[in-house]
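Student: In my numbering, the protein residues as written are 1109 to 1404.
C-beta atoms are modelled at their ideal positions from N, C-alpha and C, and glycine is treated no differently.
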C-alpha cells in the first residue's frame, strides 16, 4: 500500500492531492479513465455550489464539443406534423437526454420510447442523414465506474413549448445539457435555473470541437468544422413558440436555434460531482487536474 493510500484511509490527504473545491471556475479537470471516442474527456469547472444544484457540488462542463448529434429525431408517427418532420423539442422526451444518461453497450441505449410517437435517431430520422447515433453505446459506457458512481442527481428546470402547454417542468438527471438561462442568454419566458459563474459574455460561451469530434462526424464542411474554429452547440431549452426548434449557442457565442433533428450541432455535456473529490495539486500536459480516486 502506498503512503498516499494509507493517508487517505486514515482520513488525511497526501500532500500531492487537494479537494476539487480548491480549484477555480475555469480550471480544467480530467479522469483519465472516463472517455468518449476512446479519449479522456476534459472538463471545465463551470461553477461551485451553484444555486439549485446539489449541495456542496462542483459543476463540470465538457471543455470542448465532443460530438455532433441531433437533439431528437423526426417522429414519423407523431400527430403533430412539425414533430413528425423535424423532431421533438421537449427535453424530457429527447433522444439526447436518454443517450447522455445511458451506460448501455453499442446499439442498446435506446430501449424505451419516451412517449407514444418517440423514434430513435436512425440515419433515416436525422436531417441530411448526418450523425445518426442509434447504434452507438450510451454516452456513459466508457466512463470509469468511479466517475459514474460519483455523478450527482441534479434537478433541472426546463421550459415547455406552447405545443406542450407552456410553463416549465422538472427533470432529474446525472448528465445534462445546459439551459439558455444557465449560459447567461436570458430566459425563454421562464427562468431555467440561474447563470453559471463560467459565463459572462459571448466569448465565454464559444466552444471548439475536438479532433475526434471532427474526424467522427459525417458532416464534413472542412471550411468551418475544424478544431481551431468555434462551433455551435445545443442547449436543453426549446424555442417556446415552436414544436421542433431548440435553442443553441452559435459559433460567436450568441443565441440561435435549429430544428431538433439537425445532426450538425454540438454536444457539451454537464454534470455535478461532490466537492470533496480529490484532484492532483498540479495540472497535466493538457492543463487539467487529474481526479484521484480513493482506490488509486
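To the nearest angstrom, how far is the alpha carbon of residue 1285 from that of residue 1378?
Tutor: 6 Å
Student: Alpha carbon to alpha carbon, how far is residue 1183 from residue 1170?
Tutor: 29 Å
Student: What is the C-beta distance between residue 1393 and residue 1345, in whole angstroms, given that I count them as a contact (C-beta under 8 Å)?
Tutor: The Cβ separation is near 36 Å, so there is no contact.
Student: Distance cutoff 9 Å, beta carbons only. Does residue 1310 sit that close to anything in chain C?
Tutor: Included in the structure is just one protein chain, with no chain C present.
Student: When the Cα atoms are used, what is the spatial distance from residue 1220 to residue 1397?
Tutor: 37 Å
Student: Among 1277, 1316, 1364, which residue has its Cα nearest to the Cα of residue 1298?
Tutor: 1277
Student: With distances taken Cα to Cα, identify the nearest neighbour of residue 1312 among 1375, 1143, 1237, 1154.
Tutor: 1154
Student: Can you tell me where the beta strand (DSSP E) holding residue 1340 begins and where it ends?
Tutor: Where residue 1340 is concerned, there is no enclosing beta strand (DSSP E), given that its DSSP letter is neither H nor E.
Student: Contact between the region 1224 to 1239 and the region 1303 to 1322: three or more CB pairs below 8 Å?
Tutor: no
Student: Just verifying my parser: in three-state terms, what is the DSSP assignment at residue 1257?
Tutor: helix
Student: Under the rule that 16 or more other beta-carbon atoms within 10 Å means buried, what is residue 1236, buried or exposed?
Tutor: When all chains shown are included, residue 1236 counts as exposed.
Student: Could I get the ranges of all uninterrupted alpha helix (DSSP H) runs contained in the region 1281 to 1354, with 4 residues as the minimum, in chain order?
Tutor: Restricted to the region 1281 to 1354, the alpha helix (DSSP H) segments that are unbroken, complete and at least 4 residues in length are 1310 to 1313, 1319 to 1324, listed in chain order.
Student: For the alpha helix (DSSP H) that contains residue 1193, what are its first and last residues?
Tutor: 1189 to 1194
Student: Compute the distance between the beta-carbons of residue 1195 and residue 1358, then report whether it is under 9 Å.
Tutor: no
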